[in-house]
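Data first, discussion second: the structure below is written as structure tokens.
2 protein chains.
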Amino acid sequence: MFDAYGTLYDIQSVAAVTEEAFPGYGEIITQIWRIKQLEYTWLRSLMRRYEDFSVITRESMAYTLKVLGLKNDADVFERIMEKYLHLDLYPDAAATLAAMQGRKLAISFQRLARHAGRAGAPQRARARRHHQRRCEKNLQAQPGRLRADRIHAWRGARDVLFVSSNPWDACGAKAFGLKVAWIERVKPEAMALACVKNDVIPPLTMFKALRTQMDELGLEPDYRIRALAELPGLVAT
Amino acid sequence: MFDAYGTLYDIQSVAAVTEEAFPGYGEIITQIWRIKQLEYTWLRSLMRRYEDFSVITRESMAYTLKVLGLKNDADVFERIMEKYLHLDLYPDAAATLAAMQGRKLAISFQRLARHAGRAGAPQRARARRHHQRRCEKNLQAQPGRLRADRIHAWRGARDVLFVSSNPWDACGAKAFGLKVAWIERVKPEAMALACVKNDVIPPLTMFKALRTQMDELGLEPDYRIRALAELPGLVAT
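This is the structure in structure tokens:
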């Protein structure tokens, strides 16, 4: 079972669109947006005020533009949101899934349906099917889509391997009782080097410092790999 | 009811100690530490793996030093943790509470007991009483300490005013049904100005962009004030 955002899809690939929309702000928009997007999923869960992931994505973008004092123009806003449906795949994603077609594969992606906040249930279902088809086409594979309401059937399943590059996600899946392979994309040595005694750092470095290194939550993934490409070899052993 | 950390106590006041311990890293340690500390409270609640706030404070500091490639020396570590029990008050905190002594005041602070992770229950209770006394002495006031297990009695209470400068906290209290005064310490204009088309920014600016502006969670505080000093005037009306 694969996590989607940050694992198969490169969330940093929105930066070109945000830079085009707001020259000089592309990187900081991308980082604040992603950090707040995740925070909002956690906070809304804790407050039991659940919202579709697309609503949270929109609200975290609204927050980001507000903080930066940028004009929230409807057309520009929609163009940026659109990119979130067309994130670039990591270079090794399609080949990795293709190499594992003999196994039962699933993607655990949060529901990102276009305009879901405003649309009715049929529109949302259509948008999700659209997203699913695009996802399969991109991946050149047909992994099943994991429905959130079915995930509880997986609790503690020992024959499931959850794959994520997101540390909190890897920890969450461990707490849930799954076997976990964590993709450590940013090497600790490179991370430390990027932060050496700098008064100022790029927002991307701050993002990496906050969200790419294994968390200290008393949980450890079963496997650490450096790239998706290592996965077929790992599960073959 | 006052939030403590970030509202009465200035969490940025650990920066001098972290800078002394790790020259050139004081500010980035302080920001990553605080951001992760809060994340860990949210993630542990979601995973239902609760820990004392002092354990979370230690784990988020361990994460921070690891990310920055800094040596986790036991003595240095304890010296930094100690500062968390002696945070500076905001300049207007004591006078504000003194001006409101006619009212029933409470502080909602998470339990930060020294060495609580290693100590037994009696030691922890003693450390908490110690912290409480120090807190009262600092504030020159005797606000009641709000026990987490009693907070549910406050749900929806219309005669309670929750005061916090933390946006997620203000939203959480609103979702909980309380009246809320939010202290907007960082003005939106100053925030936007600090981020103008900079490739690199100080970690403190990134912290402010993430954690001082009102969140987009579909909730609004009842009152917005700019400083604690405005509070006696607000409740008198």
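Protein chains in written order, with the numbering used here: chain A, -11 to 225; chain B, -11 to 225.
Beta carbons are placed, not taken as given, at the ideal position from N, Cα and C, and that holds for glycine.
Would residue i pass as an interface residue toward chain A - the criterion being a Cβ-Cβ separation below 8 Å?
i              : result
P190 (chain B) : yes
E8 (chain B)   : no
L56 (chain B)  : yes
W156 (chain B) : yes
E218 (chain B) : no
K71 (chain B)  : no
R37 (chain B)  : yes
G160 (chain B) : yes
I20 (chain B)  : yes
Hey, would you say residue i sits closer than 8 Å to residue j, going by beta carbons?
i               : j               : result
I(-1) (chain B) : R32 (chain B)   : no
E172 (chain A)  : R214 (chain A)  : yes
L93 (chain B)   : Y(-3) (chain B) : no
K24 (chain B)   : S42 (chain B)   : no
A163 (chain A)  : L198 (chain A)  : no
T29 (chain A)   : I17 (chain A)   : no
L219 (chain B)  : V151 (chain B)  : yes
A4 (chain A)    : I68 (chain A)   : no
E27 (chain A)   : P191 (chain A)  : no
Q201 (chain A)  : K185 (chain B)  : no
W156 (chain A)  : R212 (chain A)  : no
V148 (chain A)  : Y72 (chain A)   : no
Q34 (chain B)   : L34 (chain A)   : Looking at the sequence itself, residue 34 (chain B) is Leu, so the reference to Gln does not match. Taking 8 Å as the Cβ cut-off, L34 (chain B) and L34 (chain A) qualify as a contacting pair.
M194 (chain B)  : M194 (chain A)  : yes
Does DSSP put residue i in a helix, a strand or coil?
i               : result
D(-2) (chain A) : strand
H103 (chain B)  : In this predicted model, H103 (chain B) has a pLDDT of only 34, less than 50, meaning its place in the structure is not dependable; the value taken from the coordinates is given anyway. Three-state result, H103 (chain B): coil.
P209 (chain B)  : coil
S96 (chain A)   : strand
L73 (chain A)   : coil
V174 (chain A)  : coil
A169 (chain B)  : strand
S152 (chain A)  : strand
D(-9) (chain B) : strand
R37 (chain B)   : coil
Answer with buried or exposed for residue i, where buried requires no fewer than 16 other C-beta atoms within 10 angstroms of its C-beta.
i               : result
A182 (chain A)  : buried
R146 (chain A)  : exposed
T84 (chain A)   : buried
V168 (chain B)  : buried
A86 (chain B)   : exposed
D(-9) (chain A) : buried
A81 (chain A)   : buried
Q89 (chain A)   : exposed
A227 (chain B)  : Limits of chain B in this structure are -11 at one end and 225 at the other, which puts residue 227 (chain B) out of reach.
R143 (chain A)  : exposed
D203 (chain A)  : buried
N154 (chain A)  : buried
Y38 (chain B)   : exposed
T225 (chain A)  : exposed
G221 (chain A)  : exposed
G12 (chain B)   : exposed
A161 (chain B)  : buried
R91 (chain A)   : exposed
Please confirm whether residue i has its beta-carbon closer than 8 Å to some beta-carbon of chain B.
i                : result
A215 (chain A)   : no
D203 (chain A)   : yes
M(-11) (chain A) : no
P209 (chain A)   : no
I171 (chain A)   : no
M194 (chain A)   : yes
K175 (chain A)   : no
Who are the neighbours of residue i on chain B, taking C-beta pairs under 7 Å?
i              : result
M179 (chain A) : V55
Show which residues of chain B have a CB atom less than 9 Å away from the CB atom of residue i.
i             : result
G12 (chain A) : V184, K185, N186 and D187
E47 (chain A) : D203, E204, L205 and G206
Starting from residue i, find everything on chain A with Cβ-Cβ shorter than 8 Å and list it in chain order.
i             : result
S33 (chain B) : L34
K59 (chain B) : Near K59 (chain B) there are no residues of chain A at all, since even the closest Cβ is about 11 Å away, more than 8 Å.
A3 (chain B)  : Going along chain A, no residue has its Cβ under 8 Å from A3 (chain B), so there is no contact; the nearest lies around 13 Å.
List, in chain order, every chain B residue whose beta-carbon is nearer than 8 Å to that of residue i.
i              : result
A50 (chain A)  : E204
W30 (chain A)  : E27, W30, L31 and L34
L166 (chain A) : None at all; the shortest Cβ gap to chain B is about 13 Å.
I23 (chain A)  : L198
Using a C-beta to C-beta distance shorter than 7 Å, which residues of chain A count as neighbours of residue i?
i              : result
A163 (chain B) : M35 and R37
I16 (chain B)  : C183
Using a cut-off of 9 Å between C-beta atoms, extract the partners of residue i located in chain A.
i             : result
P79 (chain B) : Near P79 (chain B) there are no residues of chain A at all, since even the closest Cβ is about 26 Å away, more than 9 Å.
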